[in-house]
Amino acid sequence: MSPNLIGLITIPSLLTGLLSGQVKTPPLKPTPSIAVIQESDEKFTGSYLSNISNFVVISETPVPTMTPKPTLTPTPIPLSSGDLEKWFDEISSQQSIDKELLKRIAYCESHLNPRAVNGDYIGLYQFSKNTWEITRRRMNHDPNPALRLNALESIRTAAFKIATEGRHAWPVCSN
């Protein structure tokens, strides 16, 4: 046994004997000691354990660990040019903006490719992560930046941005 290890208690009956005084314990040293105790139904009290400064409890009881919460990634929606046209109509009407402007910006930014990526700029309107999150929070919608790849959400977000802030976010493509 190492000098700092006072005892290795692995059997509940031995622990009971130690606590009741029926089993002799080794003399305690004034230096900090470590006891390794197996989990049991007994209380860990008494003069033997009161003089031990560090405990390691061996247990068959699993210790809960934090599991990271996965970030949900939206499933891409298969789309056709008819879908895009329908969404441009509906959303431009809802936001009272020019449908042709909305389409022109999307074509200029991504050639109508909802999966277009250029560095941090993603989607039909090439939103940066930061701009997307800020705008989506203002809309009271999910700010998940993966939604930039969703054509419908991208059109909604661009239309909202144009309706509330104007076209200046796309200076080259909005002329």
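Here the working numbering runs 29 ahead of the position in the sequence shown, where the first position is 1. The C-beta atom is built at its ideal place from N, Cα and C for all residues, glycine as well. Note that the structure is predicted; figures quoted are calculated from it, not measured.
Going by beta-carbon coordinates alone, are Q124 and S139 separated by less than 8 Å? no
Name the residue from P200, T164, V201 whose alpha carbon lies nearest to the alpha carbon of I184. T164
Any idea which residues DSSP pairs Y150 with across the strands? N147
Can you list, in chain order, the residues of its chain with a C-beta nearer than 7 Å to that of S157? Leave out the 5 residues immediately preceding and following it. D149, Y150
Nearest to T191 by CA position, among A145, K115, S121, is which residue? Sequence check: residue 191 is Ile here, not Thr. For the residues A145, K115, S121, the minimum Cα distance to I191 belongs to S121.
Is W161 closer than 8 Å to M186 when the C-beta atoms are compared? The sequence given here has Thr at residue 186, not Met. Cβ atoms of T186 and W161: closer than 8 Å.
In angstroms with no decimal places, state the Cα-to-Cα distance between H197 and S203. 8 Å
A187 lies in the alpha helix (DSSP H); which residues open and close that run? Per DSSP, A187 belongs to the alpha helix (DSSP H) from 180-194.
Flag this pair as yes or no: are the beta carbons of L113 and A180 separated by less than 8 Å? By the CB criterion at 8 Å, L113 and A180 fall inside the cutoff.
E68 (DSSP reduced to helix, strand or coil): With a pLDDT of 47 at E68, under the threshold of 50, the modelled position of that residue is not reliable, and the figure given next carries that caveat. Reduced to three states, the DSSP call for E68 is coil.
Unbroken alpha helix (DSSP H) run spanning L131, endpoints: From DSSP, the alpha helix (DSSP H) with L131 extends over 128-139.
Looking at R144: is its Cβ nearer than 8 Å to the Cβ of L108? no
Please check the pair L141 and L153, which I expect to be a contact at CB under 8 Å, by giving their CB distance rounded to whole angstroms. For L141 against L153, the beta-carbon gap comes to about 7 Å, under 8 Å, which counts as contact.
Hey, would you say the C-beta of Y136 is under 7 Å away from at least one heavy atom of the ligand HEM? Among the ligands in the structure shown, none appear at all, so the ligand HEM cannot be discussed.
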